[in-house]
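Undergrad: So for the sequence shown, full-length UniProt numbering puts the first residue at 1; every next one is plus one.
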Amino acid sequence: MDAVYPFPADWCPPLGPMPYTGPALPPMQGEEFPPAPMLPLEESYVENILRMNLGKMASVYMTFENNPEWPARVFRGRVEAAGRDHIILSDPETGKRYLLLMVNVDYVIFDEPLQYVPPPGVRMLRR
1 MDAVYPFPAD WCPPLGPMPY TGPALPPMQG EEFPPAPMLP LEESYVENIL
51 RMNLGKMASV YMTFENNPEW PARVFRGRVE AAGRDHIILS DPETGKRYLL
101 LMVNVDYVIF DEPLQYVPPP GVRMLRR
């Protein structure tokens, strides 16, 4: 049984850099382009949930591989900021600030209810 391929058997993709085609011209006045398709927004990433809860006290449970001194540790403080790969906590008792890497985070416990907006299409259970 012969396989059907979308390209001739002796065809191979071009190698090397793409040829230079010159600068892109701005659209002519009055000419409109349809908006580019966008991916659906996903709001339930950990950093987004943390950002919705800035200023709240939290306990961040973390583990550190191959660290015999402290393989696991809990950091407690107020959530000051959160990014894709980090959390910044401030300890109100000592004034210290911690920059914690998300790669080490196991889970986070808050002392009060969370602000959370579920992504479209996700239903939340109400108590």
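Even for Gly, the Cβ is constructed at its ideal location relative to N, Cα and C. Just so it is clear, the structure is predicted and the values come from calculations on it, not from any experiment.
Near residue 52, what residues of its chain come up, given a Cβ to Cβ distance below 6 Å and the 5 sequence neighbours on each side ignored?
TA: For the purposes of this step, residue 52 is taken as residue 52 along the sequence shown, with counting starting at 1. Cβ neighbours of residue 52 beyond the five flanking positions: 115.
Undergrad: Under 8 Å by Cβ, that's how I've got residue 58 and residue 79 pegged, so tell me the actual separation to the nearest angstrom.
TA: For the purposes of this step, residue 58 is taken as residue 58 along the sequence shown, with counting starting at 1. For the purposes of this step, residue 79 is taken as residue 79 along the sequence shown, with counting starting at 1. With a Cβ gap of about 5 Å, residue 58 and residue 79 count as contacting.
Undergrad: What first and last residue would you give for the beta strand (DSSP E) that runs through residue 80?
TA: Here residue 80 corresponds to residue number 80 of the sequence shown, with the count starting at 1. Note, residue 80: beta strand (DSSP E), 72 to 82.
Undergrad: What residue from 97, 95, 113 and 106 has the CA that sits closest to residue 64's CA?
TA: Against the sequence shown, residue 64 aligns to sequence position 64. The shortest Cα separation from residue 64 among 97, 95, 113 and 106 belongs to 106.
Undergrad: Using only the alpha-carbon positions, how far apart do residue 96 and residue 123 sit?
TA: Start at 1 with the first residue of the sequence shown, and residue 96 comes out as number 96. Start at 1 with the first residue of the sequence shown, and residue 123 comes out as number 123. Approximately 39 Å, taken between the alpha carbons.
Undergrad: Label residue 89 either buried or exposed according to how many other C-beta atoms from any shown protein chain fall within 10 Å of its C-beta, with 16 as the threshold for buried.
TA: By one-based count along the sequence shown, residue 89 stands at place 89. With 16 or more other Cβ atoms within 10 Å, it is buried.
Undergrad: So, helix, strand or coil for residue 111, using DSSP?
TA: Within the sequence shown, the letter at position 111 stands for residue 111. Of the three classes helix, strand and coil, the one that applies to residue 111 here is coil, per DSSP.
Undergrad: Is the beta carbon of residue 48 within less than 7 Å of some heavy atom of the ligand FAD?
TA: As presented, the structure is devoid of all ligands, the ligand FAD included, so that no description of it is given.
Undergrad: Using the Cα positions of residue 101 and residue 62, report the straight-line distance between them to the nearest angstrom.
TA: Numbered from its first residue, the sequence shown carries residue 101 at position 101. Numbered from its first residue, the sequence shown carries residue 62 at position 62. Their Cα atoms are separated by approximately 9 Å.
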